[in-house]
Each structure stands twice: as structure tokens, then as C-alpha cells.
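Data block below; observations after.
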């Protein structure tokens, strides 16, 4: 039996810390606990966009539009501080920070979450200003990081190929956008892009998602995450693929989960997985899939592990634990709430 009240308490505790900073700072810093509060010029765009994501879903769970208003407030923070009208694009740090030097994969990651969070917010507000920024972010991505004709050439590394992580979150963002925006061109872009990406990163031999297209290493957490995205795309009738996402999950379970029911950071057929550190997000992604796929027994087992290992007595998450299950970081990142609520919402209904 799942203790839903416990999950709600954890979300409430996280939300209280998050909202305190929004109300006092008018932005979300890198960490929502502790005394080391980042100034906005040293705070990533991602902290704002993932917090918008959290607040929109939190508003739905709590049935309270106040949290949508807070998400709107953060969207304005993003537009006013991280978007440059002169260049018509977003930046990882506020535009008054002149030396940014953001790597392409990190900037693509940031833009994916602009797309995703603004689409979620647009779904509940229907604010056409958000729609404009959604298309600005999408057009910039398709001009600078991916195109249907050249595919992933601009992000290709001759040694390792295409790294899937940022592109996965772009897939997630385009899936979210097509859920709330009815646009045949946008849908075609998502479907063509999705098929091209999956062809590039899916390992047919091992039935897993490669972390880099030319290297046979896999992050089990990402295979679970991909399975959830493919399940969602199928249920929404937005993308059909030959990849059996349930088979991806079964293989991730075989090679990616240790005797303590924790997920390895990385696995490879050529080496023994490292057990030095475990992060919270891969387990949350595993649980999310089990909740979406209604695999109740596995859901309950993995949720028990999560609550026992990755949450403090104060109902706050630990980002990392070591092989002795000791917390390695007690400060709570403002980006972690995205993973927590994106998991819990499927359990809470």
C-alpha cells in the first residue's frame, strides 16, 4: 500500500522552500536550502524553467491556481532576464552576464526546458505571449542544433557521436508542446525529429538507449526515462515507433539495478558497473515508468527504496548517496523538484 499522504508531505515541504525564495528573491536560486544562495547572475535559466514545471504540476495536484500565478511570475523572470530582444534568443545566464561561453549541449538542454515549461504553462493559461516564446525557442533549436536535412551534424562528435541527453529533453519538450498546441507543422517536426533521434541512439543488440551514439555505454535511468516518454507519445497518438519500450525496461532492469534496488549511473558490456555513488533521479525515472505502466508491485518496491534512501526525516531529498547509502549532499537543488513531481504525479493521479 502506497502512503500517498507521505508523498504529498514531501512535495509540500519542497514547495514551501521553493516558494519562499520566489517571494523573497523574485527568482529561484541554484539551491533552495542552506545559506549559500546564488545571486541571479550566477543562477542558470534551468532553475527557473524546472521550477515552472514543478509549480504547474503542483497546482494540479493541490487544485490551487495560486501556484500557476507563481509559475507565471517565473516565466516573466525568464523573459525579462534570460531573453535578449536584440539577438531574439535565450541565454543560460541573465543577459547582463557578458561572458557566458555555454557549450552547445548545455544550451540545447536549457532551451528544451524553456520549450517544455512554457508549453505546460500555456496549457493552463492560454497566454499567447508564451506561445510566441515557445516558437522562438523551437526555431532557434532547429536553426542551430538540429535540422531534418542535416539531422545531428552540428552536434556530432567524431569520437563519440551524438550525446542523447539534451536531445531527449528536446523530444520531451516537443511532445509537451504538441500535447497543447494543434499545429500540423509542429507535429511533423516532432515526428520526423523523434524517428531520426531514435534511429541514431537506440542500440538494437542490447535493446537499450545509448548515451552516445558511437559508444556502447548506457545510463539505465535514461532508458527508463525514454520508456516513459515513448509510452506517453503512444498513448497520446503522437508518435509510433518500432521500439518496444517495455523491452527496453526489462533490459535496463537486468543490467542496471543492483542488489540494493538502486540504479547504476552507467553500464557497459565491457566493464563492471561502478557502485561508488547513486543519484536520486534514475530511481525516480524507474518509478515513473512503473506508475505509468501500472506495474504495481515493482512500483511499491522501488518507492520503498526511494523513501528509505533518498529522503531525510525533514522530508527533503538527497541528490546523492554513496555505496553505504550515506547522503553525499544535503543541500537541495532547485532542479530536483522536476524529477520528483514528474514521478509523483503519476502515483497521485
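In our numbering, the protein residues as written are 4 to 352. For glycine and all other residues, C-beta sits at the position ideal for the given N, C-alpha and C.
Query raised in the report: What separation, rounded to the nearest whole angstrom, lies between the Cα atoms of residue 73 and residue 217?
Result: 43 Å
Query raised in the report: What residues in its chain sit with their C-beta under 7 Å from that of residue 163, if we drop five residues either side in the sequence?
Result: 215, 217 and 218
Query raised in the report: Got a sec, what are the start and stop residues for the alpha helix (DSSP H) residue 74 sits in?
Result: 69 to 85
Report task. Could you tell me which residues DSSP puts in a beta bridge with residue 206? Result -> 211
Query raised in the report: With respect to the beta strand (DSSP E) encompassing residue 324, which residues constitute its N-terminal and C-terminal limits?
Result: 323 to 325
Report task. Go ahead and pull the three-state DSSP assignment for residue 145. Result -> helix
Query raised in the report: Could one say the Cβ of residue 42 lies closer than 8 Å to chain C's Cβ atoms, at least one of them?
Result: Of the chains in the structure shown, none is chain C; there is only one protein chain.
Requested in this report: On a CA-only basis, which of 288, 295, 287 and 261 is nearest residue 279? Give me that one, please.
Outcome: 261
Query raised in the report: Can the beta-carbon of residue 255 be found closer than 8 Å to that of residue 231?
Result: no
Query raised in the report: Ordered along the chain, which non-local residues of its own chain (more than five positions away) have a Cβ less than 6 Å from that of residue 151?
Result: 195
Query raised in the report: According to DSSP, which residues form a beta bridge with residue 154?
Result: 150
Query raised in the report: Since residue 291 and residue 345 are thought to touch, with beta carbons under 8 Å apart, how far apart are those beta carbons, to the nearest angstrom?
Result: 6 Å
Report task. Given a cut-off of 8 Å, decide if residue 5 and residue 265 are closer than it, judged by their beta-carbon atoms. Result -> no
Requested in this report: Helix, strand or coil for residue 266, going by three-state DSSP, please let me know.
Outcome: strand
Query raised in the report: Hey, residue 128 and residue 75: beta-carbon distance below 8 Å or not?
Result: yes
Query raised in the report: residue 185: which of 295, 126 and 117 sits nearest, CA to CA?
Result: 126
Report task. With residue 1 as the anchor, note down where its beta strand (DSSP E) starts and where it stops. Result -> Past the boundaries of the shown model lies residue 1; the chain is included only from 4 to 352, so the question cannot be answered.
Query raised in the report: Using a Cβ-Cβ cut-off of 7 Å (strictly less than) and excluding sequence neighbours within five positions of residue 133, which residues of its own chain qualify?
Result: 78, 121, 124 and 125
Query raised in the report: Going by the CB atoms, is the gap between residue 117 and residue 203 shorter than 8 Å?
Result: no
Query raised in the report: So residue 233 and residue 169 are in contact, right, with Cβ under 8 Å, and what is the actual spacing, rounded?
Result: That belief does not hold up - the Cβ atoms of residue 233 and residue 169 are roughly 18 Å apart, past 8 Å.
Requested in this report: Verify whether the separation of the beta carbon atoms of residue 283 and residue 228 is less than 8 Å.
Outcome: no
Query raised in the report: Which residues mark the beginning and the end of the alpha helix (DSSP H) in which residue 64 is found?
Result: 48 to 65
Query - Host alpha helix (DSSP H) of residue 256 (start-end) - result: 248 to 259
Query raised in the report: Does DSSP put residue 320 in a helix, a strand or coil?
Result: strand
Query raised in the report: What is the DSSP secondary structure of residue 219, reduced to helix, strand or coil?
Result: coil
Query raised in the report: Does the beta-carbon of residue 119 have 16 or more other beta-carbons within 10 angstroms, so that it is buried, or is it exposed?
Result: buried
Query raised in the report: What's the call for residue 287, buried or exposed, on a 16-neighbour Cβ count within 10 Å?
Result: buried
**Report entry** Supposed close pair residue 17, residue 350 - CB separation, criterion 8 Å
**Finding:** Rounded, the Cβ-Cβ distance is 15 Å, inconsistent with contact.
Requested in this report: Go to residue 166, then tell me how far its alpha helix (DSSP H) extends in each direction, as first and last residue.
Outcome: Looking at the DSSP string, residue 166 is not in any alpha helix (DSSP H), and its letter there is neither H nor E.
**Report entry** Reduced DSSP category for residue 19 - H, G, I as helix; E, B as strand; rest coil
**Finding:** helix
Report task. Measure the CB-CB distance between residue 34 and residue 337 and report whether it falls below 8 Å. Result -> yes
**Report entry** Helix, strand or coil at residue 330 according to DSSP, with G and I counted as helix
**Finding:** strand
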